[in-house]
Structures are given as C-alpha cells and as structure tokens.
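Engineer: Read top to bottom, the protein sequences are chains A and B.
To convert, take the position in the first sequence, counting from 1, and add 409; that gives our numbering.
To convert, take the position in the second sequence, counting from 1, and add 152; that gives our numbering.
For glycine and all other residues, C-beta sits at the position ideal for the given N, C-alpha and C.
In this text, all values refer to a predicted model and were calculated from it rather than measured experimentally.
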Amino acid sequence: MPDSLSLTKITGQKGMSIGEAARRVADLGWTPSYVQEAMTFPTDYKIKKVPRDPMKQVLRSYFPMQEEKDNRVYGALDAALRGDMFRNVQPRWVEWMKLFLAIIPFPEISAARSMAMVGRLAPGEELRTGFTMQMVDEFRHSTIQMNLKKWYMENYIDPAGFDITEAAFGKCYATTIGRQFAEGFVTGDAITAANVYLTVVAETAFTNTLFVAMPSEAARNGDYALPTVFLSVQSDESRHVGNGHSMLMSIIQDPDNHLLLERDLKYAFWQNHAIVDAAVGTLVEYGTTNRDKNKESYAELWHRWIYEDYYRTYMLPLEKYGVKIHHDDVNAAWDRIVKKNYIHKTAQFFSVGWPVAFWRQEAQTEKDFEWFEHKYPGWYAEFGNYWQWYAKLSKKGEKNILFNQDVGYVYPHRCWSCLVPCLIREDMCTGEVDGKLYTYCSTVCRWTHTTAFAAEYEGRATPAMGRFSGRREWEDCYHGWDLADAITDLGFVRSDGKTLVPQPHLHFDDSKMWTLDNVRGNTLGSPLRAIREMTPEAREKHIAEYRAGFTVNVPN
Amino acid sequence: MSATQEPDAATTSAAAGAAKFAGSDSRKFNYFQPKGRRASHYEDMTVDVQPDPKRYLMQDWIISFADGQPAYNENWTAAKSTDWHQFRAVDQEWERTHYQRQSTIVGMIANVVENGRRSGAVTRFDPAWVRVLQNHLGAYKHAEFGLGMATMQAQRYGYTQMVNNAILTNSSYKLRFAQDLTLYLGEIAMDLENFDQDAGKQHWMDDPVWQGVRQSIETIGGCTDYLEQYFAVNVIFEPMVAELFRSGFVMRVAASQNDFMTPAVVSAAEGDYERNLANTVELFHMLVLDENHGAHNRALFNHWLEKHGALAQNAASQLQPIWSEPRVKIAQFTDAIEQQKNRMRAIGSEIGLDVRSILD
Chain A
410 MPDSLSLTKI
420 TGQKGMSIGE
430 AARRVADLGW
440 TPSYVQEAMT
450 FPTDYKIKKV
460 PRDPMKQVLR
470 SYFPMQEEKD
480 NRVYGALDAA
490 LRGDMFRNVQ
500 PRWVEWMKLF
510 LAIIPFPEIS
520 AARSMAMVGR
530 LAPGEELRTG
540 FTMQMVDEFR
550 HSTIQMNLKK
560 WYMENYIDPA
570 GFDITEAAFG
580 KCYATTIGRQ
590 FAEGFVTGDA
600 ITAANVYLTV
610 VAETAFTNTL
620 FVAMPSEAAR
630 NGDYALPTVF
640 LSVQSDESRH
650 VGNGHSMLMS
660 IIQDPDNHLL
670 LERDLKYAFW
680 QNHAIVDAAV
690 GTLVEYGTTN
700 RDKNKESYAE
710 LWHRWIYEDY
720 YRTYMLPLEK
730 YGVKIHHDDV
740 NAAWDRIVKK
750 NYIHKTAQFF
760 SVGWPVAFWR
770 QEAQTEKDFE
780 WFEHKYPGWY
790 AEFGNYWQWY
800 AKLSKKGEKN
810 ILFNQDVGYV
820 YPHRCWSCLV
830 PCLIREDMCT
840 GEVDGKLYTY
850 CSTVCRWTHT
860 TAFAAEYEGR
870 ATPAMGRFSG
880 RREWEDCYHG
890 WDLADAITDL
900 GFVRSDGKTL
910 VPQPHLHFDD
920 SKMWTLDNVR
930 GNTLGSPLRA
940 IREMTPEARE
950 KHIAEYRAGF
960 TVNVPN
Chain B
153 MSATQEPDAA
163 TTSAAAGAAK
173 FAGSDSRKFN
183 YFQPKGRRAS
193 HYEDMTVDVQ
203 PDPKRYLMQD
213 WIISFADGQP
223 AYNENWTAAK
233 STDWHQFRAV
243 DQEWERTHYQ
253 RQSTIVGMIA
263 NVVENGRRSG
273 AVTRFDPAWV
283 RVLQNHLGAY
293 KHAEFGLGMA
303 TMQAQRYGYT
313 QMVNNAILTN
323 SSYKLRFAQD
333 LTLYLGEIAM
343 DLENFDQDAG
353 KQHWMDDPVW
363 QGVRQSIETI
373 GGCTDYLEQY
383 FAVNVIFEPM
393 VAELFRSGFV
403 MRVAASQNDF
413 MTPAVVSAAE
423 GDYERNLANT
433 VELFHMLVLD
443 ENHGAHNRAL
453 FNHWLEKHGA
463 LAQNAASQLQ
473 PIWSEPRVKI
483 AQFTDAIEQQ
493 KNRMRAIGSE
503 IGLDVRSILD
C-alpha cells in the first residue's frame, strides 16, 4: 500500500466543523410568543448577558465518548474481580465506603435536578446545551456510584451496611451532613444553589479532593474499583466547571449582582469546606492503612487544590470584576485544618458515635500515630490517649466510649448550619433566629444561618433565598431514647436481629461482635435541648466550659 | 487483610465468603420491595436514592424554599398518589443502558448518513422533497427541542427517583433527536446547492403551517405542573402531532422521493418514543387505578386531555398542507390522522382514559 494511502483518506468526506455544529445546535431554541416558559425556580440575581458554552460539544460525540468511558469502568471492575482484588483490599478502607457511597449518589442526582433550575434562567440557548449534558452526566454519576456500591456489597467480606444503604442515608448521624450538602444544590435561590454553591464552588474546587484524593487513597489500600469509577466521574467535571464559570461570567457583569455574589461565595466556600473537608479528610486520613510519609497529607492536598488552584487562580481573579473575595475565610479554613485539627476532631467524633453508624470503625494504632505525628506535629499529645481508649473499649463487653465517663470526651453540640458538630470547641458560638437559640461551629456558620439564609441581605430584599428547616439536629430525633432502641429504630442491626451493623473493630467473628445487649442501658440526649433549657447564667457557664475544651484521660 | 489489627485466625481475605458471621450473606439491597420476585439492576440503581420523609428521611428535608416548600413536594403536581414509590420505569434505564442505547443510535445514524452521502444519495433526492426537508423537517426539529427542554424542566419535580429518572431519560432522547435532525440537515446541505439551513427556523417561527405546533409546544413549556408536561408530551403531543409528522409523513413518503436516509434518521425517534410511552403509560395507569385518588386523577387527566388535546388537534390539522408538497404523493393526510387517532385510542385504553372526546 502506498504510504500516502489510508482508510481515512479513502472513506473521509467533508463534514460539519465542531464550531458550526455547536452553533446550529445552539440555534434550536427560540423566544416563545404564544406562552412564556414557566419560571418556577426564582432567583434574586439579574441575568442580562447571554452566557456562552465554552465546551461546544454536541450529543452525537458525547454519547459514544461516555459509552467508551463506561466500557473502561465496567471492564476494570471485571478485571478487579478476576484479579481477586478483595483478597487484598484493606477492610478499614472499604468500611468507610459504606458511608461515602451512601451519601454521594444523592448529591449527584441533585445536581441533575438543579440543571432544570438554571436551564431557564440564562438568556439565549447556548449554555442550555451545556446544562442538558450536565444533567445526563449527573444521572451517570448517581447510578454508576450505586453500581459500585452494589458491587462492593456482593464481593466484600462484610456486606452489612451496604445492604441498607439508602435507608441508612436517610437516618444516620453522619449522613445528615451529606444531605445538607445535596439539598443545598436544589433549594432556595436558583443561582445560589445551582450555580454558585454547586458548580462554582463544589464542583470547581472540592471535587478535586472528593474525586481525586479519594481514588489515590483507595488505590493505596488495594481498591482499584473506586479509582476507575471516580476518575471517570471526575473527567466529566470539566464540563460542569465550564458551565458554572460561564454562568458566573454572565452574572458578574452586572454590579447589582455583586452583593449577592459575595454572600453566596462566602456561604458556599465555608459550607463546602466544613462539610467536604470533614468527610473526605476523615476518609482519606483515617480510612487508610497506608502510612507512607512521602505522600501528601489532606492538609497538603488542600493547600495544592483549594488554596493554590482554586483560591489563587479562580477566586482571586474575580476581584477584577469588583467582587469582594473573603480572603479571611480561606485563611480561617486553612487554619482550621492545620492548626485546629478539624479533620482529626471530625474523625474522633465519628468514632465516638460508632454505635449509631452503619460501618465499622477500627482504632488507630501505633503505626498510624507515627504518621499523624509526622504530618501534624502535636497530634499525639492531643489524640493519642483517645485512640488508645478507643482500642481498649472496642472489645465487646466494654462500656462503649460514647458513655464511658472514664474517657473524658465531651459529646459536642451540633452546628445548626453545616450540621458538622462544633468540634473546634473554642470557636463554638450561639445565635438567635426568631427568638430561638442555636449553636454553631463558627461565626461564619452563624452568619450563614442568621444573615445569609434570610429574607433580606444588607438592606436588600432576597425573597428567593432558602431557609433552614426540618429536624436539623440529629440528636434531637433520639432524645431520651435508650441507645439499643435507637439502633433498632435506625435499622442498624444485622439479620440475626441482635448483632450491630456497626462495630468498633474489624473482627469478622460473631464472638467478638457487639450486640444490642452490649449497648443497652445508655440514654441519648440532645445537646441543643439541654442548652436551651439552661438559665442564662448556667448557659454562659456551660459555653465557657465548652470553649475551654476537654482533656482525655490517660487510659488505665 | 487489615495491616492494623491482628487478623482473625480464620480470616485471611477480605473477599465475600472468607468468613461466616452475622450478616455476612446479606448481599442484596433490602430496603425496598422489588416490583418482581427479585430486584432488577435498574431498581437497585434507582430506588430510594432520592430520599423521602415517608420512607427513611428521619430528619425531614433540611433546607426549604423561602415559602416553606421542601426540596421535593408531592403537591408539585395536581395528580395524587397513595404511594409514588410504586412506579418503576418500564424501560429500566440506568446510566449504562442509557449510554449504550444512545450511542448505538448515534452510530446507526452516522453510518446511514456517511454511506448515503458517499454514494451520492443526497443529490438524487427529489428537489421538491429537498424543500420539504429544508422547510418542514427543519421546522420540526425545534418541536423536538421544545419537548426536550420541557422534560428537562419536569425532571426536577417528581416525588421519587424513579419518576424523575424516567423523565430525565425522556429529555435526553428528545434533545439528542433534535440535534440529530439539526446535524443531519447540516450535512446533507453540503451535498446540495442552495439548501438554506436557516429556513427551518423561519418556518417554525412564521409559517402558518407550524404555528399550531409551536403554540402546542410553548403551552407545554409554560405548564407549572411537571406531570401535566409529561402527560402532554407523551400522551397527547407525541401521538397526535409528532408521530403524525414522523411516521405518517416523513417515514411513509421519503422513499418515494428517492430518500432512504431521512427515514433511518427519523426511525430512531420512533424507537425512543416507544420506550418513553411505555414509561408514561405505566405511571398514568398507576395513578388512574390509585385506590384513593383514581377518580380525582381521571378527572384531572381528562382536563389535561381537553386542554392539550385541543391544541394538538389544531396543530395536526394545520400541518395538512405539507402532505401536498412532495412531488410523488403516496400518503394521504386523512389516512395518517386516522392512524394517529387509533394510536391515541390505544394509549387511552392502556392508561384507562376515554379519549373519544378529543378525537371525534
């Protein structure tokens, strides 16, 4: 065959350019004249400038591309089974996937729903195409993650917890944090929810820690399935980042929007930090068995992706449009991670609550201690005793750590805003809304509830802004309940009707596994009810003591 | 095994079956009642992912809209159900099956168009037919886009994941087909002299033949009840107008105008609709039969039938002149409309609705 001959040359014919195809597709929309489109999701923003679709992609290239990505994912799952992945995977890691994969499919599908909320807001048709693709992407993510979860359930040694996954998601003391994350995408002001909170902050900044840091750690624990699924998911995110930025550029052109944009960037950044860093930081640092000192800690990853990549190259340039960026919040978030041990305190909280979890949490050990001390100097002094207590009290028959007075741990107040407890004790604060007292983990979370989620913001009416609702304090749901009854009500009991789904260890042995009888006789309570019932003087004293923190005793 | 604790003597692997203990054989999602004897893969991927205070959402919805509406509300449609969770999509789509099917269609259309163009088929289209494609298929693509956008909006409101995902895939199919037509017309334009790609939109906006269709589509887009949108799209507009044009005209007439390509492109939409219709019939049949709300729902659906049926009937009748435009006339509008009326009767019968009032 002559060198110059190729199949492409024989079969090729002139086609439409990508630019022309995108232009034609964008021209499918029109301005209605008989009946106007229903604008059912309100916003307080004004959107005048037509946003552009930076991706210029059409569905006929999108679908085959996505199918090919799927083929790789499902092929990799098959290969993992053939390679006997579960023989060598670390159970400590897979156990935490029971939590993570219970949460994440709902935020994903919520993102699909939220595309309907922004789809009709932007003038012009171009970006609508981008939103439609994101909608289908999110449908992909939600169901591909459900598939992964089912796959773990079918192949991992202990399926309990995976088998109740969506029921557990609606009830657990930890998943409540994930629901706060997801409901933020689909409620309130459509631009606040679906543009700023979802795409501009969550997807542009925090999916890096969710979908890149997590897979790296999974691989270090012998789990090759999570990376193949989540890196495939992450490959769709650039489209979403593009959608978000394009809409943002449309909004930011109008100075009237700046006040709301500043509010929403502040709220969205802080909530994403409070929620995503708490959850992912714990998974990555406490769900791993890999203690390679050369790998980056979560703090180091955060600095690279959130501080350098996002804050410095995405947020800061917004200032040239006249938008005030809350540098102090970014610095405060960084300080919470590196100076105030936010992630370590979250992991500690999760572990204290192990009986009301639906996954196993084993104790950190000497090998872990060494790594933590290396990465976070001073860690051992603050958390060493606690984890030794945890190891000691993980044995069946011990008084469980949540109620064991010898330990010295003080159960925290729940933050009414981010729903992560007020773990950095010195920063805990209170506030009032409509005459009711609430507790918060930080002043920014208090501002979010009292000031941002309100009908007026700095003198400007904000009728579209959402409101916090529901029984937001999880502990209130079981106030006055016996722990065993609460666990039964949660459905966190195994098929024998007595053994707990959660365990404070990784022993796959009935004789070592806790049952309802081992936790009965302890009464749960709501810290918020307690503080509301106090006299002003008692409350002031209580808050001062709370802020002073607690000391974990030396294990006996 | 974990490197962090002393392994149990009998457990040297983290694989299923490596140890036997309480719950070690619980390898099925156990929080919902499958439709059949066993849960389908679709059910496992879909059921209860959107939580609900009526099932497991213990703390209720925790962020609301300013007026107190929760993240999802049963009242977002006038239709009522004793249990929305009973619905399952008949096509059982989750992401993998959706991409496989969409990608297969994309490949099928690409083959038809590439090979057709290579063989010079486009240049042999009858000139009068080329004008029909330019003006009327070009106009019709906007109707498909309108259906896609209406269902994109509607997929936000359903009370369960099953309802919303069925509407979402419906939207995805409609949007793909609108783009299929757009790009197909753009590609055959390369083989034709003086093919005006902008003519379709002009006809869509201004040609009296298309104004009934546009009014019908815009009315669907203006609905604030998501199930009214879903109903109007699949129970009324698709059979009375869309299939009338696609099957009753394009697919029936094209071959006689030397065009084997366009029917292949359009056939994809007919396949899409069969699936979307099956899901729709399943949902509305469930609502019509609802033990507590069946009568209310029937009255509501009859109201929707009257409202959108009148618009669709008007739209269909306004399309009649198109049947006269091809040079080779092998199909009668009256036959096509009769066929679609039969289709409507069949759909009404499957759902349990009497549709005679809008047909006769």
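#1: Note down the Cα distance separating residue 697 (chain A) from residue 571 (chain A), rounded to an integer number of angstroms.
#2: If you reduce the DSSP assignment to three classes, tell me which class residue 782 (chain A) lands in.
#3: Quick test of the definition: if touching needs 3 or more C-beta pairs under 8 Å, does the region 407-426 of chain B touch the region 488-502 of chain B?
#4: Rounded to a whole number of angstroms, what is the C-alpha to C-alpha distance between residue 425 (chain B) and residue 303 (chain B)?
#5: For the region 473-489 of chain A and the region 573-590 of chain A, state whether three or more C-beta atom pairs, one from each stretch, are separated by less than 8 Å.
#6: In three-state terms, what does DSSP make of residue 697 (chain A)?
#7: Could you name the residues of the same chain whose beta carbon sits closer than 6 Å to that of residue 635 (chain A), not counting the 5 residues immediately before and after it, in chain order?
#8: Cα separation between residue 310 (chain B) and residue 439 (chain A)?
#9: I'd like to know if residue 510 (chain A) contacts chain B, where contact means its C-beta is closer than 9 Å to some C-beta of that chain.
#10: If you draw a straight line from the alpha carbon of residue 893 (chain A) to that of residue 178 (chain B), how long is it in whole angstroms?
#11: In the region 838-907 of chain A, which residue ranges form an unbroken alpha helix (DSSP H) of at least 4 residues, counting only runs that do not cross its ends?
#12: Looking at chain B, which residues of the region 680-696 of chain A have a Cβ within less than 8 Å of any of its Cβ atoms?
#13: Ordered along the chain, which non-local residues of its own chain (more than five positions away) have a Cβ less than 6 Å from that of residue 474 (chain B)?
#14: Answer yes if the region 589-597 of chain A comes into contact with the region 650-665 of chain A, meaning at least three C-beta pairs across the two stretches below 8 Å, and no otherwise.
#15: Does chain A have any CB closer than 9 Å to the CB of residue 446 (chain B)?
#16: Could you confirm whether any beta carbon from chain B is found closer than 9 Å to the beta carbon of residue 565 (chain A)?
#17: Hey, would you say residue 467 (chain A) sits closer than 9 Å to residue 434 (chain A), going by beta carbons?
#18: With DSSP collapsed to three states, give me the class of residue 176 (chain B).
#19: Roughly how many angstroms lie between the CA atoms of residue 865 (chain A) and residue 957 (chain A), to the nearest whole one?
#20: Helix, strand or coil for residue 216 (chain B) per DSSP?
#21: Jot down the residue ranges of each uninterrupted alpha helix (DSSP H) in the region 247-302 of chain B, minimum 4 residues, whole runs only, in chain order.
#22: DSSP beta-bridge partners for residue 603 (chain A)?
#23: Can the beta-carbon of residue 191 (chain B) be found less than 9 Å from the beta-carbon of residue 566 (chain A)?
#24: Within a Cβ cutoff of 6 Å, which residues of the same chain sit near residue 960 (chain A), ignoring the five residues on either side of it in sequence?
#25: Going by C-alpha distance, which of A:613, A:952 and A:604 is nearest residue 723 (chain A)?
#26: Residues in its own chain within less than 6 Å of residue 914 (chain A) by CB, not counting five upstream and five downstream?
#27: Between the beta-carbon of residue 838 (chain A) and the beta-carbon of residue 857 (chain A), is there less than 9 Å?
#28: Within its chain, find whatever has a CB closer than 7 Å to the CB of residue 316 (chain B); leave out the 5 residues flanking it on each side and keep chain order.
#29: Cβ closer than 7 Å: which chain B residues qualify as neighbours of residue 919 (chain A)?
#30: In angstroms, rounded to a whole number, what distance separates the CA positions of residue 487 (chain B) and residue 544 (chain A)?
#31: Does the Cβ-Cβ distance between residue 667 (chain A) and residue 733 (chain A) come in under 9 Å?
#32: Rounded to the nearest angstrom, what separates residue 337 (chain B) and residue 353 (chain B) at their Cα positions?
#33: Tell me whether residue 665 (chain A) is buried or exposed, calling it buried when 16 or more other Cβ atoms sit within 10 Å of its Cβ.
#34: Could you tell me which uninterrupted beta strand (DSSP E) segments, each at least 3 residues in length, are contained entirely in the region 646-728 of chain A, listed from first to last along the chain?
#35: Helix, strand or coil: which one does DSSP assign to residue 830 (chain A)?
#36: Under 8 Å: do the region 699-707 of chain A and the region 635-645 of chain A share three or more Cβ pairs, one atom per stretch?
Structural biologist: So, to answer that:
#1: Taking the straight line joining both Cα atoms gives about 19 Å.
#2: If DSSP states are grouped into helix, strand and coil, residue 782 (chain A) belongs with the helices.
#3: Short answer: they don't touch.
#4: Taking the straight line joining both Cα atoms gives about 13 Å.
#5: Cβ pair count under 8 Å is below three, so no.
#6: Three-state result, residue 697 (chain A): coil.
#7: 624 and 627.
#8: When rounded, the distance between both Cα atoms is 26 Å.
#9: No, its Cβ sits nowhere closer than 9 Å to a Cβ of chain B.
#10: Looking at the backbone, the Cα of residue 893 (chain A) and that of residue 178 (chain B) are separated by about 22 Å.
#11: The alpha helix (DSSP H) runs of length 4 or more contained entirely in the region 838-907 of chain A are, from start to end of the chain, 852-856, 883-886 and 892-899.
#12: Within the region 680-696 of chain A, no residue has a Cβ that lies closer than 8 Å to any Cβ of chain B.
#13: For residue 474 (chain B), where only same-chain residues beyond five positions count, the Cβ hits under 6 Å are 288.
#14: Flag = no, the region 650-665 of chain A and the region 589-597 of chain A do not touch.
#15: Not closer than 9 Å to any Cβ of chain A, the Cβ of residue 446 (chain B) fails to qualify, so no.
#16: For residue 565 (chain A), the answer is yes, since a Cβ of chain B falls inside 9 Å of its Cβ.
#17: Contact check for residue 467 (chain A) against residue 434 (chain A) passes: the beta carbons are separated by less than 9 Å.
#18: In the three-state DSSP reduction, residue 176 (chain B) falls in the coil class, being neither helix nor strand.
#19: Straight across, the Cα-Cα distance linking residue 865 (chain A) with residue 957 (chain A) is about 35 Å.
#20: In this structure, residue 216 (chain B) counts as strand in the three-state DSSP scheme.
#21: Runs found: 247-270 and 279-284.
#22: According to DSSP, which records beta bridges pairwise, residue 603 (chain A) is partnered with nothing at all.
#23: Taking 9 Å as the Cβ cut-off, residue 191 (chain B) and residue 566 (chain A) do not qualify as a contacting pair.
#24: Closer than 6 Å at the Cβ level, and outside the excluded window around residue 960 (chain A), lie 817.
#25: Of the candidates A:613, A:952 and A:604, the one whose C-alpha sits nearest the C-alpha of residue 723 (chain A) is A:613.
#26: Within the same chain, residue 914 (chain A) has close Cβ partners 771 and 803.
#27: No.
#28: Excluding sequence neighbours, residue 316 (chain B) sits near 202, 307 and 310.
#29: Close partners of residue 919 (chain A) in chain B (Cβ separation under 7 Å): 173 and 174.
#30: Computed Cα separation, rounded: 39 Å.
#31: For residue 667 (chain A) and residue 733 (chain A), yes; Cβs fall inside 9 Å.
#32: The alpha-carbon atoms of residue 337 (chain B) and residue 353 (chain B) are separated by roughly 12 Å.
#33: The Cβ neighbour count for residue 665 (chain A), taken over all protein chains shown within 10 Å, is under 16; the residue is labelled exposed.
#34: Secondary structure remark: continuous beta strand (DSSP E) runs of at least 3 residues inside the region 646-728 of chain A: none found.
#35: Note: residue 830 (chain A) maps to strand in three-state DSSP.
#36: No: the two stretches stay apart, fewer than three of their Cβ pairs being nearer than 8 Å.
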